[in-house]
Amino acid sequence: MAHRVEVGIRPEFRDPRGEGVAREAREFLHLPVDEVRTLDVFTLDLGLPEAEADAVAEALADPVVQDWAFDAPLAHRVFPGFDWAVEVGFLPGVTDNVGRTAKEALEMRLGRT
Numbered sequence: 166m167a168h169r170v171e172v173g174i175r176p177e178f179r180d181p182r183g184e185g186v187a188r189e190a191r192e193f194l195h196l197p198v199d200e201v202r203t204l205d206v207f208t209l210d211l212g213l214p215e216a217e218a219d220a221v222a223e224a225l226a227d228p229v230v231q232d233w234a235f236d237a238p239l240a241h242r243v244f245p246g247f248d249w250a251v252e253v254g255f256l257p258g259v260t261d262n263v264g265r266t267a268k269e270a271l272e273m274r275l276g277r278t
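Take the sequence shown: its position 17, counted from the start at 1, is 182 in the numbering used here, and no numbers get skipped.
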């Protein structure tokens with residue numbers, strides 16, 4: 166069964182990637198954007214039992230500045246009161262270097278090859 170892991174920077178910390186998106190939306194699209202926050206979403210089809218969720222999160226998230234959710238939405242918890250959510254993904258055949266690195270980290274963390 167596939168699982169969804171969402172990782173995001175906690176609201177008390179800056180989100181530099183989100184700040185860049187907000188700046189570009191204002192400058193190039195002329196949209197009145199106040200703030201953009203970003204999440205990384207990983208879809209895992211590794212046959213993971215829910216008991217391994219903590220091990221997965223430790224491999225994918227920085228516990229100091231990030232929060233995570235396993236098979237649950239994270240946005241409402243870390244970005245309360247947001248107006249819009251936009252999900253962007255790769256087209257088929259496009260290399261996902263972050264996904265490849267996450268897969269390798271999870272295999273090492275969980276002792277799988």
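Built from N, CA and C at the ideal position, the CB exists for glycine as well.
- Residue 169 has its alpha-carbon roughly 5 Å from the corresponding atom of residue 208.
- The segment 175 to 187 makes contact with the segment 196 to 205: 3 or more CB pairs, one atom from each, lie closer than 8 Å.
- The beta carbon of residue 176 sits closer than 6 Å to those of 243, all from its chain and outside the five residues before and after it, given in chain order.
- Contact between the segment 221 to 238 and the segment 261 to 274 is present: three or more C-beta pairs spanning the two stretches fall below 8 Å.
- In this structure, residue 204 sits away from residue 256, with a CB-CB distance that is not shorter than 8 Å.
- The segment 193 to 236 contains, as complete beta strand (DSSP E) runs of 3+ residues, the segments 204 to 209 and 231 to 235 (chain order).
- Check the Cα spacing between residue 179 and each of 230, 216 and 249: the tightest is with 230.
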